[in-house]
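K.L.:
Following this message is one structure expressed as structure tokens.
2 protein chains.
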Amino acid sequence: MKDMNFGRDLARKGLRNTKHRAAILSILEQSEQPLTAEQVFLELKERGEPANLSTVYRVLDVFTDKRMVKKLNITGGGRSLYEYDRMVHNHHLLCLGCKKILAIGSCPLGDYEKILAEKTDFAIEGHRLDIYGYCPECRREN
Amino acid sequence: MKDMNFGRDLARKGLRNTKHRAAILSILEQSEQPLTAEQVFLELKERGEPANLSTVYRVLDVFTDKRMVKKLNITGGGRSLYEYDRMVHNHHLLCLGCKKILAIGSCPLGDYEKILAEKTDFAIEGHRLDIYGYCPECRREN
DNA sequence: ATGCAAATGCAAACCGTTTGCATATATAAG
DNA sequence: CTTATATATGCAAACGGTTTGCATTTGCAT
Numbered sequence: 112m113k114d115m116n117f118g119r120d121l122a123r124k125g126l127r128n129t130k131h132r133a134a135i136l137s138i139l140e141q142s143e144q145p146l147t148a149e150q151v152f153l154e155l156k157e158r159g160e161p162a163n164l165s166t167v168y169r170v171l172d173v174f175t176d177k178r179m180v181k182k183l184n185i186t187g188g189g190r191s192l193y194e195y196d197r198m199v200h201n202h203h204l205l206c207l208g209c210k211k212i213l214a215i216g217s218c219p220l221g222d223y224e225k226i227l228a229e230k231t232d233f234a235i236e237g238h239r240l241d242i243y244g245y246c247p248e249c250r251r252e253n
Numbered sequence: 112m113k114d115m116n117f118g119r120d121l122a123r124k125g126l127r128n129t130k131h132r133a134a135i136l137s138i139l140e141q142s143e144q145p146l147t148a149e150q151v152f153l154e155l156k157e158r159g160e161p162a163n164l165s166t167v168y169r170v171l172d173v174f175t176d177k178r179m180v181k182k183l184n185i186t187g188g189g190r191s192l193y194e195y196d197r198m199v200h201n202h203h204l205l206c207l208g209c210k211k212i213l214a215i216g217s218c219p220l221g222d223y224e225k226i227l228a229e230k231t232d233f234a235i236e237g238h239r240l241d242i243y244g245y246c247p248e249c250r251r252e253n
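Residue numbers (the working numbering), protein chains in the order written: chain A, 112 to 253; chain B, 112 to 253.
Below you can see the structure in the form of structure tokens.
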């Protein structure tokens with residue numbers, strides 16, 4: 112967080128340092144929540160670095176390829192979310208009321224994957240786990 | 112499986128017994144794999160009960176509402192899959208090679224959800240867990 | 001400073017899915 | 001069995017998020 116140098120991060124990944132890319136990376140790095148492409152697009156406008164929506168998609172794609180950003184499909188259908196990749200394995204807890212998303216650092220699947228690999232003879236590469244429920248605030252409200 | 116009466120199942124759910132609905136339910140019930148709307152559409156044609164694609168979507172929606180079918184978003188983006196709901200909690204193991212999907216009856220998340228509920232004060236309602244890897248056949252091939 | 005590969009803007013295409021409306025059909029009432 | 005009516009279907013058009021082709025601009029190596 113402190114003293115981020117996104118230009119250097121881009122160069123390290125072999126990417127050109129453009130203001131849009133630096134801005135998008137900054138937006139995602141600073142966001143508490145994963146963001147949609149459109150939210151990134153709108154935030155760029157607010158920051159005075161307006162970009163075309165297709166540029167936003169292209170940049171997010173590149174970042175995803177380079178493992179700088181994670182693309183999430185938590186909501187199931189429709190739109191994707193993007194979050195800054197802090198290089199930790201995590202999952203997400205989604206509030207069905209206010210739709211807020213909490214990142215969860217722990218993962219209960221290590222042993223299970225081993226058991227599953229034995230049982231099925233699959234080479235397990237990974238998993239997706241999202242958990243949903245109602246957050247304390249939303250529980251209080253109804 | 113034996114002696115299925117889909118017309119009766121439909122009536123029990125308050126749905127009219129049409130040939131498309133009975134056929135779609137039968138197709139899903141007999142399928143080893145979850146199917147896309149288009150696959151259902153094509154199979155209907157093969158069975159001599161051709162339906163419009165929008166009808167297929169509407170029927171799948173109704174079935175999903177009535178909990179006769181589960182709508183899956185395993186692949187992340189793009190298309191949804193539909194599977195006959197056998198009323199058991201399950202997860203899916205997807206082969207990244209041949210894309211086949213295995214249903215897994217076991218679920219490792221019971222205790223974890225309790226712990227998470229305590230830690231976060233969320234009321235946990237459910238979760239989504241998909242696991243991916245390479246099946247025995249695909250492992251052998253490369 | 002300059003040349004070239006890569007990034008961007010713009011508009012149009014894309015693809016899975018949904019919708020409005022006219023017609024056809026299943027079911028309940030007589 | 002017939003009829004009335006609510007519901008299901010077909011068709012074509014719209015939709016929403018995302019992608020793409022192409023002309024223009026920009027970053028960066030030289």
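C-beta atoms are modelled at their ideal positions from N, C-alpha and C, and glycine is treated no differently.
#1: If the cut is a Cβ gap below 9 Å, which residues of chain A does B:P145 touch?
#2: Are there 16 or more other CB atoms within 10 angstroms of the CB of B:K113, so buried, or fewer, so exposed?
#3: Ignoring anything shorter than 4 residues, give me the alpha helix (DSSP H) runs that lie fully in the stretch 117-166 of chain A, in order along the chain.
#4: According to DSSP, which residues form a beta bridge with A:H202?
#5: Quick check on A:Y193: does DSSP put it in helix, strand or coil?
#6: Alpha carbon to alpha carbon, what distance is there between B:P161 and B:A133?
#7: Based on DSSP bridge pairs, tell me the residues matched to B:V170.
#8: Is the beta carbon of A:N116 within less than 7 Å of some heavy atom of the ligand COA?
#9: In whole angstroms, what is the alpha-carbon distance linking A:V199 and B:K177?
#10: Three-state secondary structure (DSSP) at B:G187?
#11: Counting along the chain, where does the alpha helix (DSSP H) carrying A:G221 start and finish?
#12: Check the Cβ of A:A234 against every Cβ in chain B and list those closer than 8 Å, keeping chain order.
#13: Rounding to the nearest angstrom, what Cα-Cα distance links A:R197 and A:M179 in this structure?
#14: Is it the case that the stretch 204-213 of chain B contacts the stretch 242-253 of chain A, given that we only count it when at least three CB pairs across the two stretches are under 8 Å?
#15: Does the pairing of the stretch 184-197 of chain A with the stretch 221-237 of chain A give three or more beta-carbon distances under 8 Å?
#16: Please determine, among A:L136, A:M115 and A:N184, the residue with the shortest C-alpha to C-alpha distance to A:L205.
#17: Under 8 Å, Cβ to Cβ, is there at least one residue of chain A near B:H238?
#18: Can you name the residues of chain B whose CB is closer than 8 Å to the CB of A:E224?
#19: How close, in whole Å, do the beta carbons of A:S137 and A:M115 come, if the pair is a contact with beta carbons under 8 Å?
#20: Tell me whether the beta-carbon of B:L164 lies closer than 8 Å to the beta-carbon of B:F152.
P.N.:
With the given structure in hand:
#1: As a position in the second sequence, residue 145 of chain B is number 34, starting the count at 1. Within 9 Å Cβ-Cβ: nothing; B:P145 doesn't reach chain A, min ~14 Å.
#2: Numbered from 1 along the second sequence, position 2 holds the residue referred to as residue 113 of chain B. Since pLDDT at B:K113 reaches only 49, below the 50 mark, its modelled position is unreliable, and the value read off the structure follows with that caveat. Answer is exposed; the Cβ neighbour count stays below 16.
#3: You should have 117-123, 130-141 and 148-157.
#4: As a working mapping, residue 202 of chain A is identified with position 91 in the first sequence. A:H202 is bridged to A:I215.
#5: Residue mapping note: residue 193 of chain A aligns to position 82 of the first sequence, counting from 1. DSSP places A:Y193 in strand when its eight states are reduced to three.
#6: The count along the second sequence starts at 1 and reaches residue 133 of chain B at position 22. The count along the second sequence starts at 1 and reaches residue 161 of chain B at position 50. When rounded, the distance between both Cα atoms is 13 Å.
#7: Here residue 170 of chain B refers to the residue found at position 59 when the second sequence is read from its first residue. Paired residues: none, contrary to the question.
#8: Among the components modelled here there is no ligand, and therefore nothing to report on the ligand COA.
#9: If you number the first sequence from 1, residue 199 of chain A lands on position 88. If you number the second sequence from 1, residue 177 of chain B lands on position 66. Answer to the nearest angstrom: the Cα atoms are 39 Å apart.
#10: Locating residue 187 of chain B in the second sequence gives position 76, counting from the first residue. In the structure shown, B:G187 sits in coil (DSSP, three-state: anything other than H, G, I, E or B).
#11: Locating residue 221 of chain A in the first sequence gives position 110, counting from the first residue. First-last of the alpha helix (DSSP H) with A:G221: G221 to T231.
#12: Here residue 234 of chain A refers to the residue found at position 123 of the first sequence. Per Cβ cutoff of 8 Å: G244, Y245 and R250.
#13: In the first sequence, residue 197 of chain A corresponds to position 86, counting from 1. In the first sequence, residue 179 of chain A corresponds to position 68, counting from 1. Approximately 8 Å between the Cα atoms of the pair.
#14: Fewer than three Cβ pairs drawn from the stretch 242-253 of chain A and the stretch 204-213 of chain B lie within less than 8 Å of each other, which leaves the two stretches out of contact.
#15: no
#16: For the purposes of this step, residue 205 of chain A is taken as the residue at position 94 of the first sequence. The option with the nearest alpha carbon to A:L205 is A:N184.
#17: One-based indexing of the second sequence puts residue 238 of chain B at position 127. Closer than 8 Å: yes.
#18: Within the first sequence, numbered from 1, the residue matching residue 224 of chain A stands at position 113. Against chain B, a Cβ distance below 8 Å from A:E224 picks out I242.
#19: The residue you call residue 137 of chain A lines up with position 26 of the first sequence. The residue you call residue 115 of chain A lines up with position 4 of the first sequence. About 7 Å separates the two Cβ atoms, so the contact holds.
#20: Counted from its first residue, the second sequence places residue 164 of chain B at position 53. Counted from its first residue, the second sequence places residue 152 of chain B at position 41. Cβ atoms of B:L164 and B:F152: closer than 8 Å.
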